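J.:
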Amino acid sequence: MSMTLSSIKDQIISYKGQLVRCRTSKGRNRIEEREGVVLDVYPKLFTVYDKSRASTISFSYAEVLTHEVELEVLQ
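With my numbering applied, the sequence shown corresponds to residues 14 to 88, in that order.
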């Protein structure tokens, strides 16, 4: 199945309120992993609240499409 931005957005809307693990590619083989709850879904991006760091991170749907960000539902 080919992924589109709208299908990715629909999938992330279903993750709202759930605990997810975010793996972010930072370039040059550096990967950052965080766990948090999907807070809000906006037209161009979504936010994840990381309780351990008490911070909110935002990601665009294009980052998920290009595999710069990978999401895994933990609940």
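We put the CB at the ideal spot given by N, CA and C, even for glycine.
None of these values were measured; they are calculated from a predicted model.
#1: Taking Thr-69 as the reference, which of Arg-41, Met-16, Arg-47, Gln-88 has the closest Cα?
#2: In this structure, how does DSSP classify Leu-87 when only helix, strand and coil are distinguished?
#3: Give the DSSP-derived three-state secondary structure of Ser-71 in the structure shown.
#4: Hey, could you find the ends of the beta strand (DSSP E) Ser-38 is sitting in?
#5: Cβ of Leu-58 within 7 Å of Cβ of Ser-71?
T.: Put simply:
#1: Within the sequence shown, the letter at position 56 stands for residue 69. When each option's Cα is compared against that of Thr-69, the closest is Arg-47.
#2: As a working note, residue 87 is residue 74 in the sequence shown. It is coil, neither helix nor strand.
#3: As a position in the sequence shown, residue 71 is number 58, starting the count at 1. In this structure, Ser-71 counts as strand in the three-state DSSP scheme.
#4: For this step, residue 38 is matched to residue 25 along the sequence shown. Start and end: 32–38.
#5: To locate residue 58, count along the sequence shown from 1; it is residue 45. To locate residue 71, count along the sequence shown from 1; it is residue 58. Result yes, Cβ atoms of Leu-58 and Ser-71 sit closer than 7 Å.
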